[in-house]
Each structure stands twice: as structure tokens, then as C-alpha cells.
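Peer 1: Quick one: the structure is below, questions incoming.
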Amino acid sequence: MLLPVYIVSFAALSLASGQRSCGFKIADCPSDQLCVPDSPECTDLNNCLGSCQFRNSYTACGGYRSQPVKCPSGTECRDDPRVPESCGLACDVPGICMPKKAPSCAGFAGRACPKGLHCYDVLHDGCDPQDGDADCIGVCL
46 MLLPVYIVSF AALSLASGQR SCGFKIADCP SDQLCVPDSP ECTDLNNCLG SCQFRNSYTA
106 CGGYRSQPVK CPSGTECRDD PRVPESCGLA CDVPGICMPK KAPSCAGFAG RACPKGLHCY
166 DVLHDGCDPQ DGDADCIGVC L
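Converting from the sequence shown to this note's numbering requires adding 45 to each position, the first position being numbered 1.
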């Protein structure tokens with residue numbers, strides 16, 4: 046009886062933190078994410094909880110910090126397009142150090158990303174596929 050309560054509590058906490066829970070055969074992560082065990086002792090995600098985390102990691106930058114992170118050369122601090130529901134740098138939420146020359150994807154030509162990268166909508170570009178716009182260009186991350 047305690048296990049269902051734990052799972053429901055964990056799911057509520059995950060929603061509040063923006064991470065999706067996985068493991069215990071709850072649900073698979075989206076294709077651009079990987080289920081990572083919450084406990085270092087977990088060796089079988091069918092028997093323990095995890096959190097979906099992005100497969101590709103980028104340095105966090107911006108946000109309300111006393112010591113802002115400087116992005117490495119060749120990158121710039123931008124809103125994270127992998128989290129489109131975030132208000133981003135405009136409301137002091139950290140962004141990511143995004144490659145200045147990240148490959149583009151989708152659009153009229155329907156370009157795919159190089160292997161290992163995933164296509165995300167470019168935020169705040171005036172083209173929103175969720176609002177019925179077509180042929181929006183994305184960025185590969």
C-alpha cells in the first residue's frame with residue numbers, strides 16, 4: 046500500500062520540478078531523453094524510480110545568479126528550446142549555452158538532424174507549430 050502512495054507523491058514532485066518520472070514501468074521517456082535512476086543503488090529501472098533527463102547536455106547559463114556563467118567560445122546563452130513551456134531568460138530562468146552554428150532542421154525542406162541530435166522548435170521566432178504555423182525552422186541539439 047505504501048508503494049502506490051510513494052509513486053503518486055513522486056509524480057507530483059516531478060511535475061513541480063519539470064522532470065518527468067520514469068521507472069517502475071510507469072512510462073517511457075520521450076526519445077530525446079533517457080531514464081536515469083534516482084538512486085545510485087538502482088540497477089533495474091523496472092524495480093525503482095527514475096527521472097527523464099535530456100540525452101544531450103549543455104552548460105546552464107543566465108538566470109538570476111550572483112556569479113553568471115560565461116558560455117564557452119562558439120556558444121551563446123539562449124532560452125532552452127527543449128523546454129518550450131518555460132518563460133526562459135526573460136524571467137530569470139537559466140538558459141543553455143547553445144552552439145552559435147547549431148544545425149537547423151524541419152522547415153519547408155523537412156531537414157533531419159545529424160545522428161545523436163534532436164529537432165526542437167526555435168523559440169520566439171514568430172513561427173509556432175503548436176499554433177498552426179507550418180514550415181517552422183527548428184534547431185538541432
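Here a beta-carbon is modelled for each residue, glycine too, at the ideal position from N, C-alpha and C.
Can you tell me whether E86 sits near the ligand MN, meaning its C-beta is under 7 Å from at least one heavy atom of the ligand?
Peer 2: This structure lacks the ligand MN; in fact it carries no ligand of any kind.
Peer 1: Would P113 pass as a contact of G119 if the rule is Cβ separation under 8 Å?
Peer 2: No, the pair does not count as a contact, with Cβ atoms beyond the cut-off.
Peer 1: Whole-angstrom Cβ separation of C116 and A151, contact assumed at under 8 Å?
Peer 2: Not a contact, Cβ separation roughly 25 Å.
Peer 1: Candidates D137, G95, V184: which alpha carbon is nearest G155's?
Peer 2: Of D137, G95, V184, the residue nearest in Cα terms is V184.
Peer 1: Around the C-beta of D166, are 16 or more other C-beta atoms found within 10 angstroms, so that it is buried, or is it exposed?
Peer 2: Label assigned to D166: buried.
Peer 1: Between which residues of its own chain and S84 is the CB-CB distance below 7 Å, once the five residues before and five after are set aside?
Peer 2: Excluding sequence neighbours, S84 sits near C93.
Peer 1: Would you identify the three-state DSSP class for G133, choosing helix, strand or coil?
Peer 2: Note: G133 maps to helix in three-state DSSP.
Peer 1: Between which two residues does the beta strand (DSSP E) containing Y103 stretch?
Peer 2: Unbroken run through Y103: none, as it is neither H nor E.
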